Amino acid sequence: MSTSTAVDPGTKFSSQAVFAYNSKEIDRILNQSEGINLGFDSRPATEPGKDLLYTEKKLLNLKLHRSALTEYVRAGIIPRGLRADLKPTLCTNNPLMQTRWQEICYKFSTDLMVLTIECLDVEIEEVNMLVISKKQAINEHLESTQASTLFTEQQEILNKLKKEIVSRKQRKYLRDSRDYELNCVYEWREEASKQRRERRGAPPIPCDRRMPVTRSEQTGKYYRPRGPAPSHEEQWEPRQSNPRYYNRTPTLQEGASYSRSEDDYATSHFLGAAHREKKDPRKPAPREPYPRRDRNQKR
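All the letters of the sequence shown, read from the start, carry residue numbers 1 to 299 under the UniProt record's numbering.
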């Protein structure tokens, strides 16, 4: 009677032969036949004029960004891109908490701006030296007239780019300064007021008074539907979906106490003029039905 011995799976796997190429065999196989040079190692030569223009654009962007941050720090304004996204979660109704939180955020945002300016000075100096070396290389390879023409054309491109960037930064500066005038630098103050209104069950304050405020049946939150604003005549008509209008239907007992004249008076319109029904523009226009042919009718 034969007895079977248990074999360790790890021992069985390690006893199997594992094939692998070594470095000498890899070199031998790669050099067996002559290959075709595909030029993967060689990079396309860049024109010195394009390389110089790219470096000068980078230098211009760095200088303008440095100048803009300097003006922000001097004016005491934090741009929207550098404002702190931290929001208080406790004591949000405390005025001291709001004031101190805003002051702390303003302080370290200002320090970040100063640090950015300090690092930009180092990078601007490095890029400026690179521009000078590339201009010297162009002067050595090209004639003086060709080099001066190239530099003049690039300067016109840089002047146009500078005008566009300065105009964009001026618009952003006016936008950021307007936030300070309206006292809406940090949005968490407005969100806290919005959350308090939602807890009380009140609709939010509409930014556009002409747009109706409705309440979702699934979530129970108020929202303003997207779409064009209603006309001047429609904005004063009461909407049933608006929770601000109170529409209560009387019960059976209350309705029985009403007289006939009161009922008629309630359903009558002022001077006999009824409200015009709104037409749905997506509703198909009414058409006459097509004549149907009877099967028993002879042709």
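All residues carry an ideal CB built from backbone N, CA and C; glycine is no exception.
Everything numeric in this text was worked out from a predicted model, so none of it was measured.
**Report entry** Inter-residue Cα distance where the pair is G49 and S109
**Finding:** 39 Å
**Report entry** Inter-residue Cα distance where the pair is C182 and M113
**Finding:** Looking at the sequence shown, residue 182 is not Cys but Leu. Roughly 23 Å between the two C-alpha positions.
Report task. Spell out a yes or no on whether the stretch 46 to 65 and the stretch 111 to 130 are touching, meaning 3 or more CB-CB pairs, one atom from each, closer than 8 Å. Result -> yes
Requested in this report: Pull up the distance between the alpha-carbon of T92 and that of R100, whole angstroms please.
Outcome: 11 Å
Query raised in the report: Which residues mark the beginning and the end of the alpha helix (DSSP H) in which Y54 is found?
Result: P48 to A75
Query raised in the report: CB N159 to CB A147, shorter than 7 Å?
Result: no
Report task. Go through its chain and collect everything with a Cβ distance to T116's Cβ below 8 Å, but skip five positions before and after it. Result -> L69
Requested in this report: Out of L64, A17 and P95, point me to the one whose CA is closest to V166's CA.
Outcome: L64
Query - Candidates Q98, Y290 and V185: closest to L82 by CA position - result: V185
Query raised in the report: Among L90, C119, L86 and T152, which residue has its Cα nearest to the Cα of E103?
Result: It is L86.
Report task. Note down the Cα distance separating K169 from I124, rounded to an integer number of angstroms. Result -> 19 Å
**Report entry** Residue span of the alpha helix (DSSP H) that contains D121, given as start and end
**Finding:** P95 to H141
**Report entry** Cβ pair I77, S177 closer than 7 Å
**Finding:** yes
Query - Helix, strand or coil at S241 [DSSP, three-state] - result: Residue placement at S241 is poorly supported in this model, since its pLDDT is 49, which falls under 50; the coordinates are not used for a value here.
Query raised in the report: Would you call the CB atoms of E107 and L52 closer than 7 Å?
Result: According to the sequence shown, residue 107 is Lys rather than Glu. It is not a contact, given that the beta carbons lie outside the stated cut-off.
Query raised in the report: Nearest to D121 by CA position, among N31, L38 and S67, is which residue?
Result: For D121, the nearest C-alpha among the options comes from S67.
Requested in this report: Go ahead and label C105 buried or exposed: buried means 16 or more other beta carbons lie within 10 angstroms of its beta carbon, across all protein chains shown.
Outcome: buried
Query raised in the report: Which term fits Y290, buried or exposed, when burial requires 16 or more other beta carbons within 10 angstroms of its beta carbon?
Result: Flag for Y290 reads exposed.
Query raised in the report: For S33, which of helix, strand or coil comes out of DSSP?
Result: coil
Requested in this report: List the endpoints of the continuous alpha helix (DSSP H) containing Q170.
Outcome: S144 to E181
Query raised in the report: Which residues in the same chain as L150 place their Cβ atom closer than 6 Å to its Cβ, once the five residues preceding and following it in sequence are excluded?
Result: G49
Report task. Give the secondary structure of D85 by DSSP, where H, G and I count as helix, E and B as strand, and everything else as coil. Result -> coil
Query raised in the report: From P284 to M97, what distance separates their C-alpha atoms?
Result: 59 Å
Report task. Count the other CB atoms, across all protein chains shown, that sit within 10 Å of the CB of Y54; report buried if there are 16 or more and exposed otherwise. Result -> By the beta-carbon neighbour count (other beta carbons within 10 angstroms, threshold 16), Y54 is exposed.
**Report entry** Helix, strand or coil at K24 according to DSSP, with G and I counted as helix
**Finding:** In the three-state reduction of the DSSP assignment, K24 falls in the helix class, which pools H, G and I.
Query raised in the report: When you compare only the Cα positions, how much space is there between L161 and N31?
Result: 53 Å
Query raised in the report: Among the residues of its own chain, which have a CB less than 8 Å from the CB of H141, if the five just before and after it don't count?
Result: P48
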